[in-house]
Structures are given as structure tokens and as C-alpha cells.
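*Asks:* Numbering (my numbering), first residue to last: 19 to 646. One structure, pasted below without further comment.
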């Protein structure tokens, strides 16, 4: 029998096992699975004639996911040995690790994690074989009935009769999974249980409360140590801690998931808003504002109510039902619909810093990164089909330049295609996906395809950036919509005098401005670029005899457009310097008798560098050059 493995033609026995083929023909040690005719397979599975096989190693994402998924099963094995009455629920792979939801009669807390982790290590060191068994649905149910695992049984009952069900045997422990998994625990060398949290069966707060245990797993201890070190650094940069420390914002229980901005934080927010506004004006957007509350019938007609119903805040008035807007698109169409539009008017660009509300579950809220009320730099472009590629090209280049201004140059771009739940015909989706792909290719953009992750009304281009810690954040999006304008009666008169429906391009660059502020704080560890710093200069006098000179310097800087403050307290100068260094102020000007006499300032930056004495005019020029 002939197969192709990593582009190498190989003759093998009938019903040959993948693992045996690899041992015979390949020397790599970290091969953990195989992509067989574009389907991931366990190495314990047999191959068929003319199979095209790509080997998967631990260094690849698929291989790392397999390692982590297997590690979740090792966790299950360990916890059932230690706590036999625990009921296992689900244990999926997540970014950088895995979690397992369990139901325990007695609480399992973070104090118990070391015990569980040690038992996992003992199991992994045994290098036992992990065996895969394909069974029928009724067989699987019987297995888990005998093992008294009610959640596994419930999941099985929801599975289609024709679906393949695989049971993985870890010595006496058994778990079900689609796989693939490792064939032996010898590859499991570096893992750690991280924390516990609460969860609910199927994510519904009305269902049984569960315990969720998070873990991480890596190919080796070096990779794991690097990851744990990055977590420590991320903790130091946590925007929630820095937000309080730098007096930027706060949260409180009376308004969960909503921000109380302080003066300094609001300054940063509005500096970002002003910068985006400049780009909007430059690119001829019409900046509008639409109502916060709209009749529910409009959200039903647009399709948002069916898609996002659980996230929409409801309000009632005079026996009518309204919804607080979760996004701005239907409102922008209402503006477009005012007055007859011609093809000569297109493209027509509307932008809004729209405050939107989404009823996110309380357990998912996370500072500025996941909130219930936020501001979108939302915009919609109404255009003809012929204008799509040009407008998409303009957007791509604009988005890249804006990210660069904020210090982000490492971008990941994805084309997200039609989801399972969507509106519009297949013909429309084909046309929309083809248009976006063509625009990306014509601009020589490297992109990957993310199948099934498009919006319910159209495909999209998603922009993700990498921060200083290597974390990836999805921000900008360009979404092509051939459906919603027609659903909401948008139209224009084409060149032949006929009524036609415009194409609608949804776009956001920063997404949520609040979230972007949180990302910036963590990216820069609070040391925001000079142009974004709420206080750019702090002037410190040494004694009270320099008070008037200090005030005059501050006034001169303010007149020059520099955000300056002065500290005239009677504290010692060393204390003042240390105190303001903690606030991440970019520059400190020290004023003593010498500086007063010479009409100069002693300049110090936030890194602690002494830049020497200079006049206030020379210092102002230095700052403006840096800002520009």
C-alpha cells in the first residue's frame, strides 16, 4: 500500500498503524499526531491507501493543543484517584492551556492544586499508553452509567447517532473525546495547575454551579518558565492596578462593568478620540450621533434581536418595548435613509463614537477589557459593488497607519468567513467573501482564513496586534454586508435611474476605546507615549523661594499646549522626584536657586536620566519635536 508522508512516498503494509510507520521511517522525537487527508488523527489509527499525511509535532499549534488536551485527561485521572466521588464535566483546550469543570461534594480550592498536580506528575512519569476505542452511542452511555458520570451521559444523549464516539483509556480512568490525543504520557513534561473559579453547567447561571480548574502545559520546562515569567510581568502591568495607582479610573459594585473615569484617564480617552477624529475628517467621514434607545422592532428587523437577544438591555415606556443599543449599525442606516441618495453620492461614510451597552455575564467582566458600557469608534460606508475593493484598500492602509502611531507594528490579519447562523443567500455570501479576498490579495496582504467566524450578516477582515509581552489582541474589523441595508430599506438611484440597495461596510479600528486604553496601559506598563500622557511635565521646586518662578514656568508650558503641573509642596526634593516617578510622568523639571538665577530648568526623564539644564524655550522645542 502506498502513502505520502511529509511529501515522501512510502510503501507500507495494509492496515499499517501511523505510529509504527513513523518509528520506521522518521527520526523526529516530538511527533504526536498526523494530519491525514486534512483531518487530524491519533497516531494509534491505521492508514489507508494513497493517504496524504502531514506529521504534527509538539512545536506546532495543533501538537501543543493535543498535549494540553491530553493533560486535561491526566488531570481527570488524578482527581478521580484523589476524590473518587467527583463528577467530571468538560475539559477543553484554551489559549495557553486547558480547564476542567467538575462537580465536587466538598469544595476543591487552590490549596488543593499542589496535591492534584503532584498526583498528575506521578501518572505522567509512568509513561503509560493511552488507548483509543471507538464505540457506539449506547455503549458509551452504558460505560458512563457504570462510572456514575451524569454530565458525560447528558452530553452523549445530545450527540447524533451517526457521530463517531471515541473513548480514551488512561489505565483505569476513561474519558470521551473527539481527540486526537497523545499515545503515551512520555511527552507530558511541563504543566502546572493555575487557579480555580466558579462556572455553571452549559454556562447557564440557572444550572448547577461547578468548579473550574485551570492549567497550563508546554513541551518543556523552558517554554513553561518563560510563560510563567510573562504572567508575572503581565500581573505587574495589570491595567486595573495601574488605573488605580495612576488615578485614571475606577469601578464599583453599584455599576458593574461600567467605568468611572477620573480626570487623567478621561484625558487619555479624549486624546485617543481626538486623534481618531482627525483621521475621520481627513478621510471625509460625516461624524454623527444616534439615539441610545430604539424600538425593539428595529432590532428585530435588523436581525440583532435574534442574534444578540441575551446581551441586549431592555427598557419599557408607555407600554412600548425598547432596547438600549448594543451597536450603531441600524441607527446609521436610519440616517442614510433620510433623503434620496444617488450613485453620485456614494461612497457615503458615517462615523460615530457610539456608546453601546451589552449585558455581559458578571463572571466575564474584567476591568476595561470586558465591560457592559463602552464606546466604539464605529463607522459605516455605503457604496456600490464596484467601489468595494477601493474602499477596503483605503481602510486597510488607514488601520495599519493608526496602529503604528500607537506603537503596534506586529499585526495579524484574518479573513473570517460565513458562520453557521447567518442571514442572506449563499450567492450573496460567495460574492462578499470573494470581494474581501480580492481586496486583501490586491494589496499584497498576508492573511489567514478563519472559517465560520464571520458576522451573522457578512464576512469580515479581523486585525489583531501583538503587545510588548507577545499577547495577541483582536481589535479592528472590516465587515462586508450585502444584507442589512435591504432589510432596513436602504436604497439609492443607480446610473440607469433604477433603485438599488447599497453595500454596507462596517468598520471599527480600535473597537472599544475603553478596552484599547486598557491594552495601551498594559503594553506600556503605564509609561504612555508623551503625546498620550495625561500629565506630560511636572515642575518641582526645591524651596519656597522658587515658587513664583515655578508657577511662571508652568504657565508658559500650558500656553504652549503642554500638559504641565507643578508640585509646590514643602516635601524634600528627593521625595518629590520618587513620588512623581511612580506616576509615570514623562518629564520632571527641577527648579532650585541656580535655575532661578540662570532662568533655566534641570530636566529629568522618567527613566531617571539627567538631561542637564536648558531654557524653558529649548525644553518646549524638545517636547514638541518628540510629540510630532
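The beta-carbon is built from N, C-alpha and C at its ideal position, and this holds for glycine as well. Here the structure is a predicted model, which means the values were calculated and not measured.
#1: So, do the segment 541 to 558 and the segment 597 to 617 have three or more beta carbon pairs nearer to each other than 8 Å?
#2: Ordered along the chain, which non-local residues of its own chain (more than five positions away) have a Cβ less than 6 Å from that of residue 539?
#3: Determine, using beta carbons only, whether residue 458 and residue 476 come nearer to each other than 7 Å.
#4: I'd like the span of the alpha helix (DSSP H) that includes residue 147, first residue to last.
#5: Just to confirm, are residue 231 and residue 118 a CB contact at a threshold of 7 Å?
#6: Between residue 587 and residue 282, how many whole angstroms is the CB-CB distance? I'm expecting something under 8 Å.
#7: Is the CB-CB distance between residue 234 and residue 115 below 7 Å?
#8: Please state the DSSP three-state secondary structure of residue 508.
#9: CA-CA distance, residue 334 and residue 355?
#10: What first and last residue would you give for the alpha helix (DSSP H) that runs through residue 156?
#11: Using a Cβ-Cβ cut-off of 6 Å (strictly less than) and excluding sequence neighbours within five positions of residue 121, which residues of its own chain qualify?
#12: Which two residues bound the contiguous beta strand (DSSP E) that contains residue 188?
#13: Based on the DSSP output, what are the partners of residue 233 in its beta bridges?
#14: Are residue 109 and residue 96 closer than 7 Å when you measure CB to CB?
#15: What three-state label does DSSP hand residue 568 in the structure shown?
#16: Measuring straight from C-alpha to C-alpha, what distance separates residue 660 and residue 100?
#17: Counting only runs that start and end within the segment 50 to 111, where is the alpha helix (DSSP H) found for 4 or more residues in a row?
#18: Please name the residue or residues paired with residue 279 in a DSSP beta bridge.
#19: Between which two residues does the alpha helix (DSSP H) harbouring residue 364 extend?
#20: What does DSSP give as the partner residues of residue 549 in its beta bridges?
#21: What do you get for residue 593, buried or exposed, if any count of 16 or more other CB atoms within 10 angstroms of its CB means buried?
#22: Going along the chain, which unbroken runs of the beta strand (DSSP E) with 3 or more residues stay wholly within the segment 311 to 341?
#23: Grab the span of the beta strand (DSSP E) containing residue 1 for me, first residue to last.
#24: Considering only the alpha carbon of each residue, which of 633, 646, 628, 348 lies closest to residue 506?
#25: For residue 351, which of helix, strand or coil comes out of DSSP?
#26: Could you say if the segment 521 to 533 and the segment 488 to 498 meet the contact criterion of at least three C-beta pairs nearer than 8 Å?
#27: Using the rule of at least 16 other Cβ atoms within 10 Å of the residue's Cβ for burial, across every protein chain shown, is residue 39 buried or exposed?
#28: By DSSP, does residue 530 sit in helix, in strand, or in coil?
#29: Between residue 363 and residue 357, what straight-line distance do the alpha-carbon atoms span, to the nearest angstrom?
#30: Measure from the C-beta of residue 548 to each C-beta in chain D and report whether the shortest distance is under 7 Å.
#31: Using C-beta distances below 6 Å, list every residue in its chain close to residue 255, excluding the 5 sequence neighbours before and after it, in chain order.
#32: Which same chain residues, not among the five before or five after residue 67, have their C-beta less than 7 Å away from its C-beta?
#33: Rounded to the nearest angstrom, what separates residue 340 and residue 274 at their Cα positions?
#34: Could you give the distance in angstroms between the alpha-carbon of residue 491 and the alpha-carbon of residue 623?
#35: Count the other CB atoms within 10 Å of the CB of residue 344; is the residue buried (16 or more) or exposed (fewer)?
#36: Apart from the five residues just before and just after residue 473, which ones in its own chain have a Cβ nearer than 7 Å to its Cβ?
*Replies:* This is what the structure holds:
#1: yes
#2: By 1-based counting over the chain shown, the position of residue 539 is 521. 257, 260.
#3: Here residue 458 refers to the residue found at position 440 when the chain shown is read from its first residue. Here residue 476 refers to the residue found at position 458 when the chain shown is read from its first residue. Taking 7 Å as the cut-off, the Cβ atoms of residue 458 and residue 476 do not count as close.
#4: Reading the chain shown from its first residue, position 129 is the one you call residue 147. Taken as a continuous stretch (DSSP letters only), residue 147 belongs to no alpha helix (DSSP H), as it is neither H nor E.
#5: Numbered from its first residue, the chain shown carries residue 231 at position 213. Numbered from its first residue, the chain shown carries residue 118 at position 100. The answer is yes: Cβ separation under 7 Å.
#6: Here residue 587 corresponds to residue number 569 of the chain shown, with the count starting at 1. Here residue 282 corresponds to residue number 264 of the chain shown, with the count starting at 1. With 8 Å as the limit, residue 587 and residue 282 do not qualify as a contact, their Cβ atoms being about 19 Å apart.
#7: Here residue 234 corresponds to residue number 216 of the chain shown, with the count starting at 1. Here residue 115 corresponds to residue number 97 of the chain shown, with the count starting at 1. Contact flag set, yes.
#8: Taking the chain shown and counting its residues from 1, the one referred to as residue 508 is at position 490. Three-state result, residue 508: coil.
#9: Here residue 334 is taken as the residue at index 316 of the chain shown, counted from 1. Here residue 355 is taken as the residue at index 337 of the chain shown, counted from 1. For residue 334 and residue 355, the distance between alpha carbons rounds to 26 Å.
#10: Position 138 of the chain shown, counting from 1, holds the residue named residue 156. Element bounds for residue 156: 155 to 164.
#11: Taking the first residue of the chain shown as 1, we reach residue 121 at position 103. Only 105, 228 meet the Cβ criterion.
#12: On the chain shown, residue 188 is found 170 positions in, with the first residue counted as 1. Counting along the chain, the beta strand (DSSP E) containing residue 188 begins and ends at 183 to 188.
#13: Walking along the chain shown from the start, residue 233 turns up at place 215. Bridge partners of residue 233: 116, 211.
#14: The residue given as residue 109 occupies position 91 in the chain shown. The residue given as residue 96 occupies position 78 in the chain shown. Their beta carbons are not under 7 Å apart, which means residue 109 does not touch residue 96 by this criterion.
#15: The residue you call residue 568 lines up with position 550 of the chain shown. Helix, per DSSP.
#16: This structure does not reach residue 660, given that the chain is present from 19 up to 646, and the question cannot be answered.
#17: 79 to 100
#18: As a position in the chain shown, residue 279 is number 261, starting the count at 1. In DSSP, residue 279 forms a bridge with 267.
#19: In the chain shown, residue 364 corresponds to position 346, counting from 1. Following the DSSP letters along the chain, one finds residue 364 in no alpha helix (DSSP H), marked with neither H nor E.
#20: Sequence index remark: in the chain shown, residue 549 carries index 531 (1-based). According to DSSP, which records beta bridges pairwise, residue 549 is partnered with nothing at all.
#21: Taking the first residue of the chain shown as position 1, residue 593 is located at position 575. Flag for residue 593 reads exposed.
#22: 311 to 313, 332 to 335
#23: The requested residue 1 is not part of the displayed model; the chain covers only 19 to 646.
#24: Residue numbering aside, residue 506 sits at position 488 when the chain shown is read from its first letter. Here the closest residue by C-alpha is 348.
#25: Taking the chain shown and counting its residues from 1, the one referred to as residue 351 is at position 333. Reduced to three states, the DSSP call for residue 351 is helix.
#26: yes
#27: Taking the chain shown and counting its residues from 1, the one referred to as residue 39 is at position 21. In this structure residue 39 is buried. Its beta-carbon is surrounded by 16 or more other beta-carbon atoms within 10 angstroms.
#28: In the chain shown, the residue the question calls residue 530 occupies position 512. Here residue 530 sits in strand by DSSP.
#29: Counting from one through the chain shown, the residue named residue 363 turns up at place 345. Counting from one through the chain shown, the residue named residue 357 turns up at place 339. Distance between the alpha carbons of residue 363 and residue 357 is about 11 Å.
#30: No chain D appears in this structure, which consists of one protein chain only.
#31: For this step, residue 255 is matched to residue 237 along the chain shown. Result list for residue 255: 540, 543, in chain order.
#32: Start at 1 with the first residue of the chain shown, and residue 67 comes out as number 49. Around residue 67: 19, 20.
#33: Counting from 1 along the chain shown, the entry for residue 340 is found at position 322. Counting from 1 along the chain shown, the entry for residue 274 is found at position 256. Those two C-alpha atoms are separated by around 22 Å.
#34: Taking the first residue of the chain shown as position 1, residue 491 is located at position 473. Taking the first residue of the chain shown as position 1, residue 623 is located at position 605. Their Cα atoms are separated by approximately 30 Å.
#35: If you number the chain shown from 1, residue 344 lands on position 326. That one is buried.
#36: Taking the chain shown and counting its residues from 1, the one referred to as residue 473 is at position 455. For residue 473, where only same-chain residues beyond five positions count, the Cβ hits under 7 Å are 497.
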